[in-house]
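Colleague: Numbers in the numbering used here are just positions in the sequence shown, counted from 1, shifted up by 18.
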Amino acid sequence: MKTVLEIILTLVIVGAALAFGGVQPLVYSLMEAALFLAALLLLLKLARERSAELKIPLWPVLFAALAVLEVAPLPQPLVARISPARLAGPSLKSLGHSVTGWTTLSIYPHDTILGLVKFLAYVSAFTLAAYLFDSRTKKSLLVRGLIYLGVAEAAYGTFQYLTGVQKIFTYTKQYYKEDATGTYINHNHFAGLLELTLPFAAACVFYFFQLWSESRRNMVRRGVPASAGSAGVLCVFYSFVLVIGLVGIIFSRSRGGILACAFSVVFMAVLAQLTIKRKAWMLGVFALLICAAGYGIWIGLDPVLARFEEVRGANYFELEGRVPVWRDSLRLVRDYPLTGTGLGTFELSFRHYQTTMVNLDFDHAHNDYLEFASDTGVPGAALLFLPVLYLLIKMIGCFLGDSRRYRRAVVLACVGSTVALLVHSVMDFNLQIPANALIFSVVLGIGYKAACVEPRAESPAEAGSRTGQPTSVTAAAPH
């Protein structure tokens with residue numbers, strides 16, 4: 019059953035990414051149905067086995083409860099006390115569910131319910147990933163699927179950029195015709211996909227470098243193990259995969275994606291150096307970056323650099339549009355600080371606060387933090403992002419203190435993906451793109467299992483082996 023569930027989850031991830039990022043209603047509806055079905059199969063399996071193996075944190079339940087509160091009809095005096103602006107403006111007051119003396123905190127419950135269903139689908143993906151991942155097997159279909167998806171998208175996007183064949187399968191692109199977008203419409207979201215998946219290729223480089231390095235150290239004393247040569251070859255192979263991915267991000271011309279990826283790569287490299295403490299590792303990282311940059315220069319980086327040069331223009335940030343949208347979004351958050359206007363209602367509520375480019379509809383805030391704060395209030399945004407930040411800190415601690423090579427490598431990948439997405443979310447809305455939000459949920463699920471669940475379940479002997487501390491029991495063999 020585990021294998022079946024892992025195949026289903028992997029196929030859903032790949033299918034959502036290939037179908038324009040899952041932004042079409044039919045696609046994300048099928049995605050949600052498949053995830054709920056897989057979650058139901060998992061619950062039936064656990065019930066049949068009478069197993070209490072499934073462990074998920076409390077915060078998703080609390081966030082879902084907040085969304086339910088937003089669509090529940092409440093007495094108007096209570097709504098006025100919780101969210102005074104909800105009933106103050108006649109334009110927004112007339113939008114929500116309203117009967118005599120009753121109304122909802124959400125200005126449009128229909129969209130909030132749709133947003134809640136999406137969130138529950140992501141929670142299902144998180145739960146499935148946390149259940150299915152097992153570092154003891156030293157292999158994971160989910161991890162391999164993420165790597166292959168990332169490199170395939172990067173190669174496809176690079177092909178679009180180099181050949182000028184700006185199509186997504188048979189669909190002719192209407193926007194971002196000069197950028198690599200893979201199977202996505204928007205180049206920023208394509209970069210978001212790559213920054214979520216490629217850290218797993220980087221982690222494979224780290225993993226096989228460890229194996230190769232330890233084999234080299236033992237060469238004189240014990241002879242070269244049989245896996246030494248293959249570890250070196252696999253290290254080079256995944257380095258090549260990583261270069262393809264980095265080139266794809268560069269040719270996306272997404273400034274936010276490039277900056278987030280660069281920060282993530284440097285962060286991962288420094289963390290790895292703190293544990294491996296080998297000059298050869300940092301030299302290899304520099305060589306890898308030079309290869310990616312060198313290939314980009316050979317192909318031609320002028321269009322990419324031109325995107326960054328635009329920032330130097332007078333009043334660029336005002337004319338580009340993001341800063342005015344953020345400013346108006348902050349006004350919206352100030353009026354609805356506790357519960358927001360309802361999950362998924364940004365496009366509708368923002369129209370009443372929009373002061374620039376009024377001829378355009380903004381369906382997203384181009385900043386995930388501001389959008390969730392406007393939809394669910396500051397407490398809702400904190401309930402969503404603070405646990406992610408806490409999990410990131412736990413993953414970093416696990417990586418620095420763990421001696422199991424494979425688990426440590428996977429945790430490093432989850433750290434890199436999480437850091438990149440959190441940085442990019444300041445400038446864009448990848449968490450509103452179903453495929454990217456789904457992948458992020460899976461990454462968090464894997465990281466939660468590896469950094470929180472597995473260490474707690476270890477015996478004292480295993481814990482001693484993991485931390486390097488002596489125990490009164492015979493230490494387990496190192497992984």
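All C-beta atoms in this analysis are idealised placements derived from N, C-alpha and C, irrespective of residue type, glycine included.
#1: Should the stretch 419-429 be called in touch with the stretch 224-233, which here means at least 3 C-beta pairs below 8 Å?
#2: May I ask you to report which of helix, strand or coil DSSP gives Leu-72?
#3: Count the other CB atoms, across all protein chains shown, that sit within 10 Å of the CB of Gly-572; report buried if there are 16 or more and exposed otherwise.
#4: In the structure shown, what three-state DSSP assignment does Phe-458 receive?
#5: Buried or exposed: Glu-67, going by 16 or more other Cβ atoms within 10 Å of its Cβ?
#6: Roughly how many whole angstroms lie between the Cα atoms of Asn-385 and Thr-363?
#7: To the nearest angstrom, how far is the alpha carbon of Gly-40 from that of Val-32?
#8: Shorter than 8 Å from the beta carbon of His-205 to some beta carbon of chain B?
#9: Contact between the stretch 461-472 and the stretch 171-182 is defined here as three or more beta-carbon pairs at a separation below 8 Å; is this criterion met?
#10: What would DSSP say about Thr-176, mapped onto helix, strand or coil?
#11: Kindly indicate the opening and closing residues of the alpha helix (DSSP H) around Glu-365.
#12: Of all the options Thr-190, Ser-392, Phe-255, which has the alpha carbon lying nearest to the alpha carbon of Thr-130?
#13: DSSP beta-bridge partners for Tyr-189?
#14: Using the C-alpha atoms, what's the distance from Val-30 back to Leu-64?
#15: Nearest-angstrom Cα distance between Val-183 and Arg-273?
#16: Out of Val-288, Leu-138, Pro-127, point me to the one whose CA is closest to Ile-74's CA.
#17: With Gly-133 and Ala-85 assumed to form a contact (beta carbons below 8 Å), what rounded beta-carbon distance in angstroms separates them?
#18: Leaving out the 5 sequence neighbours to the left and right, which residues in its chain are closer than 7 Å to Pro-355 when beta-carbon positions are compared?
#19: Sort Leu-462, Ile-125, Ser-270 by Cα distance to Ile-411 and report the nearest one.
#20: Measuring CB to CB, does Met-286 end up less than 8 Å from Val-79?
#21: Tell me the DSSP secondary structure of Val-361 in three-state form.
#22: If you compare alpha carbons, which of Ala-56, Thr-121, Leu-48 is closest to Leu-92?
#23: Can you grab the Cα-Cα spacing for the pair Trp-77 / Pro-405, in whole Å?
#24: Give the C-beta separation of Ser-158 and Leu-53 to the nearest angstrom, bearing in mind that I take them to be a contact with Cβ-Cβ under 8 Å.
#25: So is Asp-381 buried or exposed if we call it buried at 16+ other beta carbons inside 10 Å?
#26: Per DSSP, what kind of secondary structure is Glu-196 in: helix, strand or coil?
#27: Please state the DSSP three-state secondary structure of Asn-204.
#28: Report the three-state DSSP secondary structure of Val-437 (helix, strand or coil).
#29: Mark Ala-37 as exposed unless 16 or more other C-beta atoms lie within 10 angstroms of its C-beta, in which case mark it buried.
#30: What three-state label does DSSP hand Ala-493 in the structure shown?
#31: Reducing DSSP to helix, strand and coil, say where Val-238 ends up.
#32: Less than 7 Å between C-beta atoms, sequence neighbours within five positions excluded: which residues of the same chain meet that for Gln-228?
#33: Between Lys-297, Ala-220, Gly-250, Ala-98, which lies nearest to Trp-230 when the distance is taken from Cα to Cα?
#34: Roughly how many angstroms separate the alpha carbons of Asp-353 and Cys-279, rounded to a whole number?
#35: What's the C-alpha gap between Leu-407 and Thr-436?
Modeller: In this structure, then:
#1: yes
#2: coil
#3: Here the chain covers residues 19 to 497 and nothing more, so residue 572 does not appear.
#4: helix
#5: exposed
#6: 15 Å
#7: 10 Å
#8: Structure shown: chain B not included; a single protein chain is present.
#9: no
#10: helix
#11: 364-368
#12: Ser-392
#13: Ile-186
#14: 22 Å
#15: 22 Å
#16: Leu-138
#17: 7 Å
#18: Gly-395, Val-396
#19: Leu-462
#20: no
#21: It is worth fixing the name first, because residue 361 is Leu in this sequence and not Val. Leu-361 falls in the coil class under three-state DSSP.
#22: Thr-121
#23: 7 Å
#24: With a Cβ gap of about 18 Å, Ser-158 and Leu-53 do not count as contacting.
#25: exposed
#26: coil
#27: coil
#28: helix
#29: buried
#30: Only weak support is given to the placement of Ala-493: the predicted model assigns it a pLDDT of 32, under 50, and the value that follows is read from those uncertain coordinates. Looking at Ala-493 - three-state DSSP - the assignment turns out to be coil, as it is neither helix nor strand.
#31: Unreliable placement is indicated for Val-238, whose pLDDT of 49 sits below 50; the coordinate value is still reported in the next sentence. DSSP places Val-238 in helix when its eight states are reduced to three.
#32: Ile-294, Arg-423
#33: Gly-250
#34: 35 Å
#35: 9 Å
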